[in-house]
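Asker: Below is a structure I'd like to ask you about.
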Amino acid sequence: METVTLSQPRRVERLVTGRPTTDGAGVKLTRVLTQDLQQRLDPFLMLDNFASDDPNDWNAGFPDHPHRGFETVTYMITGRMRHRDSAGHEGLLESGGVQWMTAGRGLVHSEMPEQEEGRMEGFQLWLNLPGTHKMCDPWYRDIASAEIPLFTTPEGVAVRVIAGHSHGVAGAVQREQTQPLYLDLHFPLGQSTFSQPLPAGHNAFIYVYRGKLEVLDALGDPMAVPLHCMALLANEGDGVVLRGAATSAEPARALLIAGKPLHEPIAQYGPFVMNTREQLAQAVDDFRSGRLA
Ligand code: FE2
0 METVTLSQPR RVERLVTGRP TTDGAGVKLT RVLTQDLQQR LDPFLMLDNF ASDDPNDWNA
60 GFPDHPHRGF ETVTYMITGR MRHRDSAGHE GLLESGGVQW MTAGRGLVHS EMPEQEEGRM
120 EGFQLWLNLP GTHKMCDPWY RDIASAEIPL FTTPEGVAVR VIAGHSHGVA GAVQREQTQP
180 LYLDLHFPLG QSTFSQPLPA GHNAFIYVYR GKLEVLDALG DPMAVPLHCM ALLANEGDGV
240 VLRGAATSAE PARALLIAGK PLHEPIAQYG PFVMNTREQL AQAVDDFRSG RLA
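Here's what the structure looks like:
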C-alpha cells in the first residue's frame, strides 16, 4: 500500500440530499444523483440507494426492462438479487457483491429480489459510455464480495476498491474512457482520516450511508457531511481528505466516486441514454420492434 500526501485537498462545492422515489415495479428508493446533476457529474448519470427492512418496499423488484447506451453498476450491501437478460445470461448478486453491466446497444433484463424477508440495501450507479461505445456488444460481470480488492490503512480505514486505483491497489474493474473510481470506505469510530488523490478535471462526489463524515480543506478545516447526504467536490485541488466525525454515533461508511467527464451531449429517455434525440427515437423503435431482446 502506498502512502498518500495531498497539498491541496478539494473542498465541498455543494451538499445534496437524495430524493425519495419509486422505480421498477414499485421499489422505494432514494435517488441521490438526479438528472439535473448529470452535466456537473459527467460521466455519472444516476445513483440510487435502496435500503429497507420492509419487504413491501422492495419485493416487487425490477421486472423486464431495457437499457441502451451506458453501464449499470449494482452494489449490494445486504440482500440477494437475481438478474436475467435477453441474451440468456443469469446471475445472483449477493451481499457485498457487484454486478457491472455494459448495456451497449441494448438488452432487456430483470433484477428481482431473491429473498422474502430481511434487509435489502445497496446502490445502483449509471455510468455513461462515450458515443463511440454506445452501440457496443452488451457485457456484464458478476463480482463476488471476496473478489473485490480490500485494504486497510494504518488509521484503520477499510477500503473496498470496486473500480479504479487507491493507494496502489487496483480495483475489480477498470474503464479506459471514463476512468471511474468507485471506493466503499469503512471508517472506524473516531477521527481517522483517509486521503485519495483525484486527477485534475475528474468529477467527484461522496455519499455517506452510515454515520457522519467530514471533508477537510487545505487548512484542515472540516465540512460536515451528514448521513444520506451527497457532497459534490469542487474540481480544484489534487484529491480529497475525509475524516470520521467525532460526533458520529456509529462508524461512518461512504462511497467515494470519481470519473473523467466525456464532455458529450446527454440525451436521456428513461432507460436509454444517447447523444441525440434521433438516437433516442431509434432506441425506442428498436425496443418496440423487439430488436433489443
Ligand atoms: Fe436495469
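Counted from 1, the sequence shown has number 155 at position 156 by numbering that gives the first Met the number 0; the numbering is strictly sequential.
Where is the CB? At the ideal position from N, CA and C, for every residue including glycine.
Confirm the yes/no value for this check: CB of His-88, any heavy atom of the ligand HEM, distance under 7 Å.
Answerer: For the structure depicted, the ligand HEM is absent and the ligand set comprises only the ligand FE2.
Asker: Report whether the distance from the Cβ of His-164 to the nearest heavy atom of the ligand FE2 is below 7 Å.
Answerer: No, the beta carbon of His-164 sits no closer than 7 Å to any heavy atom of the ligand FE2.
Asker: Does the Cβ of Gln-7 have 16 or more other Cβ atoms within 10 Å, making it buried, or fewer, making it exposed?
Answerer: Exposed, because fewer than 16 other Cβ atoms sit within 10 Å of the Cβ of Gln-7.
Asker: Could you name the residues of the same chain whose beta carbon sits closer than 7 Å to that of Glu-120, not counting the 5 residues immediately before and after it, in chain order?
Answerer: Phe-49, Ala-50, Ile-76, Thr-77 and Gly-78
Asker: Looking at the secondary structure, which residues open and close the beta strand (DSSP E) in which Ala-203 lies?
Answerer: From DSSP, the beta strand (DSSP E) with Ala-203 extends over 202-209.
Asker: In the DSSP output, what is Gly-258 paired with across the bridge?
Answerer: Asn-202
Asker: Can you check DSSP and say which residues form a bridge with Ser-194?
Answerer: Val-240
Asker: Using DSSP bridges, identify the partner residues of Ile-142.
Answerer: Val-97
Asker: For a test of the three-state rule: what should DSSP assign to Pro-112, helix, strand or coil?
Answerer: In the structure shown, Pro-112 sits in a strand (DSSP, three-state: E or B).
Asker: Below 6 Å CB to CB, which residues in the same chain sit around Gly-25 once its five sequence neighbours on both sides are set aside?
Answerer: Ala-59
Asker: Starting from Leu-149, trace the beta strand (DSSP E) in both directions and tell me its first and last residue.
Answerer: 149-151
Asker: Looking at the structure shown, is Thr-55 part of a helix, part of a strand, or coil, going by DSSP?
Answerer: In the sequence on display, residue 55 carries Asn and not Thr. DSSP places Asn-55 in helix when its eight states are reduced to three.
Asker: Would you check if there are 3 or more beta carbon pairs closer than 8 Å linking the stretch 84-97 to the stretch 33-53?
Answerer: no
Asker: Taking 7 Å as the cut-off, is the CB of Phe-61 close to at least one heavy atom of the ligand FE2?
Answerer: yes
Asker: Under the assumption that Arg-10 contacts Val-214 (Cβ atoms under 8 Å), give the Cβ distance between them as a whole number of angstroms.
Answerer: Arg-10 to Val-214, Cβ: 7 Å. Contact.
Asker: Which of helix, strand or coil does DSSP assign to Glu-298?
Answerer: Given a span of 0 to 292 for the chain in the structure shown, any question on residue 298 remains unanswerable.
Asker: Count the other CB atoms within 10 Å of the CB of Gln-173; is the residue buried (16 or more) or exposed (fewer)?
Answerer: exposed
Asker: Using 7 Å as the cut-off, classify the Cβ of Glu-110 as near or not near the heavy atoms of the ligand FE2, replying yes or no.
Answerer: yes
Asker: Along the chain, where does the alpha helix (DSSP H) that runs through Glu-1 open and close?
Answerer: From DSSP, Glu-1 is part of no alpha helix (DSSP H); its letter is neither H nor E.
Asker: CB Leu-182 to CB Leu-254, shorter than 8 Å?
Answerer: yes
Asker: When the Cβ atoms of the stretch 201-210 are set against those of the stretch 228-242, are three or more pairs found closer than 8 Å?
Answerer: Between the stretch 201-210 and the stretch 228-242, the count of C-beta pairs closer than 8 Å reaches three or more; the two stretches touch.
Asker: Which value, in whole angstroms, describes the spacing of the CA atoms of Ser-288 and Leu-218?
Answerer: 58 Å
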